[in-house]
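Have a look at the structure below, then the notes.
Residue numbers (the numbering used here): 4 to 322.
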């Protein structure tokens, strides 16, 4: 049957049900557990992709060059939701179905987002680092109560963030090009323009994909419009934020802190200046929970099995 290349981490340990589903349907899983960084470069792919029928990927770049050397490839599934690292049109030209797993890791990312906000306001990580050095700082932090949290985007993750924040006595504002007014009303979220969210929030949290229109959306100009002493959270996509501009805003004291789980260049270079400030930087772990891995792996594996059986998948992005 088919060969399925997997470059999503922990697939051998946390996604056993999905692996078993493939084997039950006669497919072979190609997974290298020894890789330090799971994504395959083009140079690595060119030696193996020609014999692959489907792929489950993380941040690997699948573009025209890859599809040209993958004659057997029928499906590429993103181990998550965002497919900005897959050229959808090129995939369609080559007859490759692009799949994803909407909603399957939303709670994990939403919980991390709320964790980021609380950690930044109370400076948990910087304080911990001081204690490791034998110091005993009594730094003042801020409480979340009474603050305004602005959500840029109001999809599944943002709505879960709003729901979780409802217990903290905060005001939540949200902007989305395709706003769901009914759900906003149910969650007590104030629907605003983008400018109102940016200029009127103590914490701005990003929940939108990267596109030509949103690339480096948060640049020097955008940071200048944010409230003095406000905070930025990005557990979405690294390309949304100009890291140099953010570093400048932190250096100059315009922003009081930032929490980032995604970066334009991953891994983040060692010694980056941004580490000098009140920041939390994590290595794209928003969806790294046991529950999310099970949910996502089963979602994409079922769709791949369907594609290889000549059936229509449920979560087909590039129809």
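Built from N, CA and C at the ideal position, the CB exists for glycine as well.
How close, in whole Å, do the beta carbons of residue i and residue j come, if the pair is a contact with beta carbons under 8 Å?
| i | j | result |
| --- | --- | --- |
| residue 239 | residue 210 | 6 Å |
| residue 308 | residue 24 | 6 Å |
| residue 7 | residue 26 | So it is not a contact: roughly 10 Å between Cβ atoms. |
| residue 90 | residue 65 | 7 Å |
| residue 82 | residue 59 | 6 Å |
| residue 17 | residue 296 | 4 Å |
Keeping to the same chain, check which residues put their C-beta closer than 6 Å to that of residue i; ignore five residues upstream and five downstream.
| i | result |
| --- | --- |
| residue 231 | none |
| residue 242 | 213, 218 and 267 |
| residue 29 | 4 |
| residue 106 | 159 |
Would you say residue i and residue j are within 9 Å of each other, going by their C-beta atoms?
| i | j | result |
| --- | --- | --- |
| residue 175 | residue 152 | yes |
| residue 267 | residue 244 | yes |
| residue 261 | residue 271 | no |
| residue 108 | residue 292 | yes |
| residue 115 | residue 289 | yes |
| residue 100 | residue 77 | yes |
| residue 57 | residue 235 | no |
| residue 233 | residue 259 | yes |
| residue 53 | residue 33 | no |
| residue 200 | residue 181 | no |
| residue 160 | residue 207 | no |
| residue 301 | residue 21 | yes |
| residue 124 | residue 137 | no |
| residue 250 | residue 275 | yes |
Less than 9 Å between CB atoms is the rule here; does residue i satisfy it with respect to chain D?
| i | result |
| --- | --- |
| residue 151 | In the structure shown, chain D does not exist; there is a single protein chain. |
Rounded to the nearest angstrom, what separates residue i and residue j at their Cα positions?
| i | j | result |
| --- | --- | --- |
| residue 167 | residue 117 | 8 Å |
| residue 84 | residue 140 | 41 Å |
| residue 55 | residue 87 | 22 Å |
| residue 13 | residue 198 | 41 Å |
| residue 269 | residue 285 | 11 Å |
| residue 130 | residue 184 | 40 Å |
| residue 69 | residue 318 | 22 Å |
| residue 277 | residue 47 | 31 Å |
| residue 226 | residue 155 | 14 Å |
| residue 188 | residue 205 | 21 Å |
| residue 248 | residue 75 | 43 Å |
| residue 221 | residue 313 | 43 Å |
| residue 203 | residue 229 | 7 Å |
| residue 158 | residue 195 | 15 Å |
| residue 80 | residue 132 | 39 Å |
| residue 97 | residue 120 | 43 Å |
| residue 19 | residue 135 | 38 Å |
| residue 49 | residue 294 | 33 Å |
| residue 273 | residue 193 | 40 Å |
| residue 224 | residue 257 | 12 Å |
| residue 15 | residue 215 | 36 Å |
| residue 237 | residue 37 | 29 Å |
Which same chain residues, not among the five before or five after residue i, have their C-beta less than 7 Å away from its C-beta?
| i | result |
| --- | --- |
| residue 186 | 162 |
| residue 171 | 147 and 148 |
| residue 95 | 321 |
| residue 62 | 42, 88 and 269 |
| residue 3 | For residue 3 there is no data in the structure shown, the boundaries of the chain being 4 and 322. |
| residue 287 | 264, 265 and 269 |
| residue 306 | 80, 102, 316, 317 and 318 |
| residue 110 | 163 |
Using C-beta distances below 8 Å, list every residue in its chain close to residue i, excluding the 5 sequence neighbours before and after it, in chain order.
| i | result |
| --- | --- |
| residue 190 | 162, 165, 166, 169 and 175 |
| residue 122 | 128, 262 and 283 |
| residue 173 | 147, 148, 149, 150, 151 and 152 |
| residue 45 | 64, 68 and 69 |
| residue 104 | 80, 81, 82, 83, 84, 298, 299, 302, 303 and 318 |
| residue 255 | none |
TODO: Could you tell me whether the region 9 to 24 touches the region 36 to 55, using the rule of 3 or more Cβ pairs below 8 Å?
DONE: yes
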